[in-house]
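Note sheet for the following structure.
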Amino acid sequence: MIKKLEKLMAALAWFSAFVGGLALVAVMVMTTVSVAGMSASKLGKLLKKSYDTVVEPLMAVGPIPGETEMVEAGMAFIIFAFLPLVTLHKGHAEVAILSNFFGKAINRVIDVISDGLMFAVASFLGYRHLLGTLDKFNNGETSWILLYPMWWGYAAALVGAVVFMIVAGFCVLRSLEALVTGRNIQTSGAVH
Amino acid sequence: MSNFDLGLLSFAVVLALIFIRIPIGLSMLVVGIGGNALVIGNFNMIAGQLKNLTYGQFSSYSLSIVPLFLLMGQFATLGGMSSALFKAAESFLGHRKGGVAMASVGACAGFGAICGSSLATAATMGQVALPELRRYGYSGALSTGTLAAGGTLGILIPPSVILVIYAILAEQNVAKLFVAAFIPGILAMLGYMMAISIYVRLVPNSGGVRERVPYRERFVALRAVWPVIVVFLVVIGGIYQGLFTPTQGAAVGAFGTGLIAWMNGGLTWQTLLDAFKGTAMTTGMIFLIVLGATVYNGFLALTQVPQEVASYVNGQGFNPWMVLTIVLIAYLLFGCIMDSLSMILLTVPIFFPAMIGLDFGMSAEEFGLWFGILVLIVVEVGLITPPVGMNLFVINTLSRDIPISETFKGVLPFVLTDLIRVVILVIFPSITLLAVRALF
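Residue numbers (my numbering), protein chains in the order written: chain U, 15 to 206; chain X, 820 to 1259.
If you want it as C-alpha cells, here you go:
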C-alpha cells in the first residue's frame, strides 16, 4: 500500500519539479532575450548619438515590457513547484549530529514529529495562500506594467502549494509506517 | 514573561529543535509562527501576514537570482568545462612539486567563476582531478583534502549564492559584494597552493610530478577555457557595469553555460532532467530556510531582541575588535555542525545590527561588505571541518578507497591557511575593500 503510494508520490513530486524546471528555463530564456533586446537598443542609441548612424533594426528593439513582473510570478510558481520533491526526498537542511547517538527507534519517532510538523506547516501555509489568492481574485488587483490580474500568479503557485501539502501528508504516513514496521525509509538523498 | 524574554527563549527553542534533527527552515517557521501568536495573544496577525508572505518571498525579484545561479551551476557541471580548466591549470603547474594538486586548486577557482556552490565545485572537480592526482602518485589524504578545500573556492569566487542571501539580509549591494569577494578568493587560492607546496616537502612521497609541458601546448590548453572566461566577464562585468541587474546577469549566465554545455554535447534530455532535479532540491531547501528565517525574524522584531542586543553591545563600550573576534569564533564553531546558509539566515539579522554600530574606523557600507566577506569565509571553513563538513563527504563518496579519516587529516593544512587568511583580512580590512574602492 505504502509502496504503491510512494511511487505515485514520487511521480507527482517529480512531475511538479519537472514543470518547475521548464518554467525556470522559460524565465531564463525570456530574461536573456530581454537583456539582448535592451543591449541592442542601447547600442543603437549609442551609434546614433556618437556616430550619427541610424541602424534601423537596432532602433526597433528593446527589453521585453514587464519582464520583471513575469520573473516574479514565474519564480513563485517555480519555487512552490520545487518544494514537494525536496520534501519527499528528505533534502531539507538538518543537523544530524546529536541524533546519530539516539538509536533507530528514537530517530523514527523524530521522523514522525518532523514530518508531522512539516505537514502542519505546509497545510497552514497552503490554506493561507489559498485565502490570499481569493483576496486577490476579489479585489481585482493587477500588476503595475502588464496589468495582469495578481490572482493569476497566486493561483499558479497554489498548484505547487497543494502538491507540497499532499506530499508532506504522505511523508507522515511513510514515517509512521516506518515507526511501526521498522522499515528504513529509502530516499534518493539530497543532491545539493 | 516579557516579550524580550520570549524572544531570547525562542532562540533556545529553535536550536533545540534543530539539534533533534527537525529541518532548520521548519524549526524557524514553527517557532516564528508560535512565537508571533504568543506575543500578539492570537494567530490573527501571523495568519493575516501569511496570506501574502509566502508568495511575496518566493516571488522576490532579488531572490530570483538564487534558482538561476543554481541552474547555471548545474549546467556548468555538464559542460566539460571542468576538464578543460583542469588541463589548462595542469599544463602550467603540473611539473612543479605538488603541481597537480595546485592545478586542482587553480581549476576549482576557475570553476568557481561560473558556479556559485561549494558542493557542486567539489563534486565536479573531484570527478576530473581525483583520478589524475592518484595517477601521479598523490597520497589519498592530500588528494581528497585538496579537492574538499578547493571546492570552497566555488562560493568565495563570485558568483556566490550565499553572498546574494547575505546582501539581502544586510541590505548590501550584491555587485559590490561580488567585487569585494574577488581578492580574498584569489588569496584563498594562493594560500591553498602554498599549503600544498609546504605539505609535499614536509611529507615525503605524498605527491609526484608530471613531465613539463611545452609552452605551445600550454597555450592550446589555455585557449580551451575561453567560454568560462567569457561567461564570467559577461555576468560579473555586466552586473558591475550596471548593464543589467544581478537577476538578469544570472539568467544570461545560465543561458551561456547551458549553451556551452549543449555545444560540448554535455546537455542532453537526460542530463537536463538531472539538472532540473538538482536545481529543484537545492532551491526548495534554500527557500524553505529563507521563508522560515523571514517568519522567525518577523517575530524577533516584535520582541525587540535585535534592537536590545544592538543597544546593549553598543552601550557597554566593548572593544569592537574583541566583539568581532568572538562573533567570528562563534561562526567557526557553529560552522562545524550547521550548514552555512542556515547559519547566516539565523544569525545575521541579530549580529549585523549590533556589529554595524561599532566603530571599526570605516563607513557603515564598507563595514557591511567587509563583515560579509569575513562571515562568508568563516562559515565556509565549516564545509571542510569534521564532523559535518559537507565537502569532505562529497569527496569521500567519489573516492571510496580512501578512508574519511585520511581526508580529515589531509584537509587540516587547508583549514590552517583559512584561519591565517581570516586573521590577515581582519587586521587589514583594506585588502577586502581595495577592489571596491578602486572600481566604484
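Beta carbons are placed, not taken as given, at the ideal position from N, Cα and C, and that holds for glycine.
Item                                                                                                              : Value
Residues near V205/U in its chain [Cβ-Cβ closer than 6 Å; skip 5 each side]                                       : Here V205/U scores only 36 on pLDDT, less than 50, and its place in the model is too uncertain to base an answer on.
Extent of the continuous alpha helix (DSSP H) run through N153/U                                                  : 118-153
Cβ of A1104/X within 8 Å of any chain U Cβ                                                                        : Per the sequence shown, the amino acid found at residue 1104/X is Met instead of Ala. It does; some Cβ of chain U falls within 8 Å.
Beta-carbon proximity list for I199/U, same chain, < 8 Å, skipping 5 on both sides                                : K104, D125, R188, S189, A192
Local conformation of H206/U per DSSP, three classes                                                              : Any reading at H206/U must be qualified, since the residue scores a pLDDT of 34, below 50, and its modelled position is unreliable; the value itself is stated next. In the structure shown, H206/U sits in coil (DSSP, three-state: anything other than H, G, I, E or B).
Cross-chain neighbours of Y880/X in chain U, by beta carbon under 7 Å                                             : T82, V85, E86
Beta-carbon proximity of M1104/X to V33/U, cut-off 8 Å                                                            : no
Under 8 Å between C-beta atoms of I933/X and V1050/X                                                              : yes
Best match in L1238/X, Y880/X, G898/X for proximity to L1078/X [C-alpha to C-alpha]                               : G898/X
CB contact check: F32/U to chain X, cutoff 8 Å                                                                    : yes
Beta-carbon proximity check, G130/U vs A175/U, cutoff 8 Å                                                         : no
Cβ shell of V85/U (< 7 Å), same chain only, five flanking positions each side left out                            : V41, T45
Beta-carbon gap between A968/X and I1203/X smaller than 8 Å                                                       : yes
Beta-bridge partners of T156/U, as assigned by DSSP                                                               : P163/U
Proximity to S821/X [Cα-Cα], best of V1124/X, P1065/X, A1257/X, F1137/X                                           : V1124/X
Contact under 8 Å by Cβ, L889/X with A920/X                                                                       : no
Inter-residue CB distance, A1000/X and S1016/X (contact presumed, cutoff 8 Å)                                     : At roughly 24 Å, the Cβ-Cβ gap does not stay under 8 Å, so A1000/X and S1016/X are not in contact.
Interface flag, Y168/U vs chain X, CB-CB below 8 Å                                                                : yes
Buried/exposed call for A25/U, threshold 16 Cβ in 10 Å                                                            : exposed
Of the residues I93/U, V135/U, V123/U, the one placed nearest Q876/X, counting alpha carbons only                 : I93/U
Closer than 8 Å to chain X by CB, G105/U                                                                          : yes
Under 7 Å from the C-beta of D1158/X: neighbouring residues of chain U                                            : A107
Buried versus exposed call for G1084/X [16 or more other C-beta atoms within 10 Å across all chains shown]        : exposed
G925/X beta carbon less than 8 Å from that of L912/X                                                              : yes
Alpha-carbon spacing of Q893/X relative to M900/X, whole angstroms                                                : 12 Å
Alpha carbon of L218/U to alpha carbon of A1099/X, nearest angstrom                                               : Because chain U here runs from 15 to 206, residue 218/U falls outside it and cannot be looked at.
8 Å contact criterion, which L1121/X and V858/X should meet: CB distance rounded                                  : 5 Å
Exposed unless 16 or more other CB atoms sit within 10 angstroms - verdict on I1243/X                             : exposed
Min CB distance C934/X to chain U below 8 Å                                                                       : no
M1012/X to P1232/X span [Cα, whole Å]                                                                             : 11 Å
Span separating the alpha-carbon of N1215/X from that of N1138/X                                                  : 42 Å
8 Å Cβ cutoff, L38/U in contact with chain X                                                                      : yes
Any 3 or more C-beta pairs closer than 8 Å across the segment 848-856 of chain X and the segment 42-61 of chain U : no
T1204/X (DSSP reduced to helix, strand or coil)                                                                   : coil
Cutoff 8 Å: I859/X Cβ touching any chain U Cβ                                                                     : no
Helix, strand or coil at Y1115/X according to DSSP, with G and I counted as helix                                 : helix
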